[in-house]
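Following: one structure in structure tokens, then a few remarks.
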Amino acid sequence: MSQDKSRHPHSGETVIRKAFYRSLLAILLFAVFGAGLWYFTRDHTAPVVIEEALVSGPVIETQAPPRVPPAVSFTDITRAAGIDFVHTSGAYGEKLMPESIGSGAAFLDYDNDGDQDLLLVNSSWWPDHEQGRQPTLAFYENNGAGQFRDVTSQAGLDVSCYGMGAAIGDYDNDGWTDIYITALGRNYLYHNEQGRFTDVTMDSETAGLESDWSTAAAFIDYDNDGDLDLFAGNYVRWSRDIDLEIDFRLTGLGRAIGAPNHFYGTNSRLYRNEGNGTFSDVSQSAGIAFNEPDSGAPEGKALAVAPVDYDQDGWIDLFVANDTTRNFLYHNLGKGRFEEIGSLEGIAYDRNGKATGAMGIDAAYFRNDSELGIGIGNFSNEMSSLYVTAGGQPPFADEAILEGFGPASRLALTFGLFFFDYDLDGRLDLFQANGHLESEINLIQPSQTYAQPAQLFWNCGAACRNRFVLVEESGALATPMVGRGAAYADIDNDGDLDIVVVQNGREARLFRNDQQTGNHWLRIRLEGRSANRNAIGAVIELTANGVTQRRSVMPTRSYLSQVELPVTFGLGDAGTVDAVTVFWPGGQVQQLPVNTIDTTITVIQPDDA
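Sequential numbering from 49 applies to the sequence shown in my numbering.
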């Protein structure tokens with residue numbers, strides 16, 4: 049073997065090469081055969097062109113730069129304006145529930161001089177626990193420039209009661225605005241006799257019961273007969289014995305203010321004006337006294353009411369903010385009857401289907417379109433609610449988060465709440481008065497304080513992703529308060545709206561609006577003839593620069609409080625008003641030309657055609 053290899057060194061390679069060439073030739077012949085077979089057997093039909101769908105990628109919207117609230121400041125002028133009111137809660141150590149929630153305020157022109165005067169509701173000492181001079185209501189007369197003089201005694205309002213709230217309205221259509229005071233115990237009706245008030249409670253039969261705890265109240269013409277009827281909201285069934293028996297406590301604090309869900313509910317009252325100075329309690333027959341079908345017990349725990357004709361059928365309806373139980377919507381069916389449909393119309397519960405600690409309430413067309421919004425201030429760690437219609441129709445949906453209002457309101461414990469146009473740009477803004485119930489709450493809840501800053505939300509319009517922008521206040525409104533009732537009025541006749549806040553157990557605070565935006569405005573005061581004299585329940589539509597604003601004449605707003613009767617329209621940079629239409633209670637419609645701005649006009653209802 050070794051010899052063969054030496055003689056033929058490449059003989060093995062030759063064999064392998066020949067085998068490779070034969071294999072390659074075979075593969076080539078097979079490929080040629082296969083290609084010919086494919087050519088002669090393939091489908092010669094022309095191919096169908098498939099048109100592909102054009103799918104666009106996600107569109108990334110360019111977010112408009114955030115709009116910044118105008119530089120508007122509110123100045124605390126309380127002392128300088130002559131307001132020296134300090135609310136008395138009567139607290140002496142037992143931490144009784146009524147000590148924590150009062151009280152309210154009301155702006156009204158009691159002497160018909162065109163200026164907004166101010167009523168501040170006071171509570172009182174508990175029996176056998178007096179701590180000084182007996183507290184009374186406080187009433188201040190405005191000189192027209194925002195300076196006030198205490199005329200409580202002169203006006204006949206130096207009355208002591210455990211007061212809660214107020215309602216204003218000319219119930220006898222004599223041209224002088226009257227006052228109703230709600231309280232723990234009997235309520236009070238004061239007739240305005242040309243600048244001095246007389247107690248007509250017993251003659252008018254509007255006192256309620258000594259066992260009542262009344263809170264919100266409103267003068268409304270629910271039956272469209274031309275005079276003002278009276279709604280009185282009642283809170284919980286309370287007595288000192290019941291309160292102490294519950295013995296509500298917070299860990300680390302000991303005895304604490306009782307929560308309303310530990311107390312039984314009550315029924316509110318509706319008084320029909322009989323036109324002769326007396327009222328009839330029609331709560332049962334009108335459907336206001338509402339008991340749960342299963343238990344037969346009243347469920348309502350009313351703290352605030354917003355009267356508004358939400359379905360625009362010509363009859364005023366009632367939204368009631370109930371504390372820790374579902375909110376009510378009393379739909380006015382006409383013919384003196386209401387039907388409670390809060391759950392059906394979507395305002396009974398929050399977005400999670402739960403009842404909230406609802407306090408203050410207001411209603412407004414804040415988008416300047418057909419959508420009605422219902423704002424409700426809630427307890428701490430509950431966002432304030434903003435229920436809005438869709439397409440101008442109920443049911444309502446809570447859009448507080450979508451509108452940017454909810455998240456910023458979550459930590460606050462909100463009482464007073466109202467819509468108003470503080471910068472006169474033609475869009476309704478939002479104000480909240482905040483403050484906790486427990487003076488030492490920060491010891492067990494670090495996120496909470498007893499006194500809390502008010503919150504002002506600027507309405508930046510539809511162009512903004514979040515309509516309501518929290519105004520980062522560094523001035524007077526940023527000072528923490530134990531806020532309860534809150535109201536607005538133009539106290540100095542400069543066209544913009546000023547604010548009063550009542551604190552629990554502390555001094556009231558009066559804030560002057562010192563805006564310098566240069567925006568125009570128009571204030572409209574209505575005087576009814578066939579409708580009630582104050583035109584409460586009327587709706588005014590004003591169009592300027594192609595935008596229509598819709599506002600109602602309704603002093604009952606916020607918490608335990610009343611705002612002024614004249615309606616303020618911000619016009620922004622509009623130099624003229626295109627149209628004004630008044631929808632009077634009872635159905636009469638009046639269109640009127642307006643040739644002036646930056647002033648107040650009075651519109652008197654024409655005689656029926």
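Note that the Cβ used here is the ideal one computed from N, Cα and C, for glycine as well. Computed from a predicted structure; not experimentally measured.
Let me know if residue i comes out buried or exposed under the rule of 16 or more other beta-carbons within 10 Å of its beta-carbon.
i	result
residue 655	exposed
residue 640	exposed
residue 332	exposed
residue 441	exposed
residue 227	buried
residue 495	exposed
residue 379	buried
residue 522	exposed
residue 560	buried
residue 387	exposed
residue 481	buried
residue 258	exposed
residue 239	buried
residue 394	buried
residue 531	buried
residue 593	exposed
residue 75	Here residue 75 scores only 49 on pLDDT, less than 50, and its place in the model should not be relied on; the value that follows carries that caveat. Per the 10 Å Cβ criterion, exposed.
residue 223	exposed
residue 119	exposed
Take residue i and list the residues in its own chain whose beta-carbon comes closer than 7 Å to its own, dropping the five residues that flank it on each side.
i	result
residue 390	374, 375, 376, 377, 396
residue 476	412, 414, 467, 468, 469, 507
residue 547	122, 479, 534, 536, 559
residue 446	398, 399, 433, 434, 435
residue 444	393, 394, 395, 422, 435, 436, 437
residue 231	209, 210, 211, 212, 262
residue 499	483, 528, 529, 530
residue 297	303, 304
residue 427	404, 405, 461
Going by the DSSP bridge assignment, what does residue i pair with across the sheet?
i	result
residue 261	232
residue 346	339
residue 156	165
residue 197	189
residue 638	630
residue 249	BP columns for residue 249 are empty, so no partner.
residue 487	According to DSSP, residue 487 bridges with nothing at all.
residue 238	227, 247
residue 507	516
residue 376	368
residue 605	609
residue 529	500
residue 120	Beta-bridge pairing links residue 120 to no other residue.
residue 480	465, 503
residue 589	598, 629
residue 453	Partner(s): none; residue 453 has no beta bridge.
residue 267	278
Apart from the five residues just before and just after residue i, which ones in its own chain have a Cβ nearer than 8 Å to its Cβ?
i	result
residue 587	357, 598, 599, 600, 601, 630, 631
residue 64	The predicted position of residue 64 is uncertain, since its pLDDT is 40 and thus under 50; no value can be drawn from it.
residue 90	With a pLDDT of only 45 at residue 90, under the threshold of 50, the placement of this residue in the model should not be trusted, and no figure is reported.
residue 349	283, 284, 308, 311, 313, 314, 370, 371, 372, 373
residue 646	543, 568, 569, 570
residue 491	300, 301
residue 277	267, 268, 269, 270, 271, 318, 319, 320, 321, 327
residue 345	312, 313, 339
residue 497	484, 489, 490, 528
Excluding the five sequence neighbours on either side, which residues of its own chain have a C-beta within less than 6 Å of the C-beta of residue i, listed in chain order?
i	result
residue 424	369, 406, 409, 433
residue 37	Absent from the model: residue 37. The displayed extent of the chain is 49 to 657, so no value can be given.
residue 96	Residue placement at residue 96 is flagged as unreliable, the pLDDT there being 37, under the threshold of 50; the coordinate-derived value follows with that caveat. Excluding sequence neighbours, residue 96 sits near nothing in its chain.
residue 431	448, 454, 457, 458
residue 607	352, 407, 408, 463, 464, 533
Counting only beta-carbon separations shorter than 8 Å, does residue i have a partner in chain B?
i	result
residue 559	Here chain B cannot be found, since the structure has a single protein chain.
- Any chance the segment 573-593 sits against the segment 638-653, with 3 or more Cβ pairs inside 8 Å? They touch, by the three-pair rule.
- Message: Threshold first: 3 residues or longer. Then list the beta strand (DSSP E) segments lying entirely within the segment 292-342, N to C.
- Response: The qualifying runs are 317-321, 327-329.
- Task: Only counting runs of 3 or more residues, tell me where the beta strand (DSSP E) segments fall wholly within the segment 536-587, in order along the chain.
- Result: List check, beta strand (DSSP E) in window: 546-551, 557-561, 568-575.
- Message: Please give me, in chain order, every unbroken run of the beta strand (DSSP E) with length at least 3 that falls completely inside the segment 384-446.
- Response: Secondary structure within the segment 384-446: the beta strand (DSSP E) runs of 3 or more consecutive residues, fully enclosed, are 385-388, 409-412, 421-424, 433-438, 441-446 (chain order).
- Query: Three or more beta-carbon pairs under 8 Å between the segment 463-472 and the segment 411-423, yes or no?
  - Reply: Result yes; three or more Cβ-Cβ pairs closer than 8 Å.
- Would you say the segment 243-250 touches the segment 193-207, given that touching needs at least three Cβ pairs under 8 Å? The segment 243-250 is in contact with the segment 193-207.
- Message: As an exercise, report each continuous beta strand (DSSP E) stretch of at least 3 residues that is fully enclosed by the segment 269-295, in chain order.
- Response: Fully enclosed beta strand (DSSP E) runs of 3 or longer: 277-282.
- Message: Check whether the segment 128-145 and the segment 166-177 touch, using three or more Cβ-Cβ pairs below 8 Å as the test.
- Response: In this structure the segment 128-145 lies against the segment 166-177, because at least three pairs of beta carbons, one per stretch, are closer than 8 Å.
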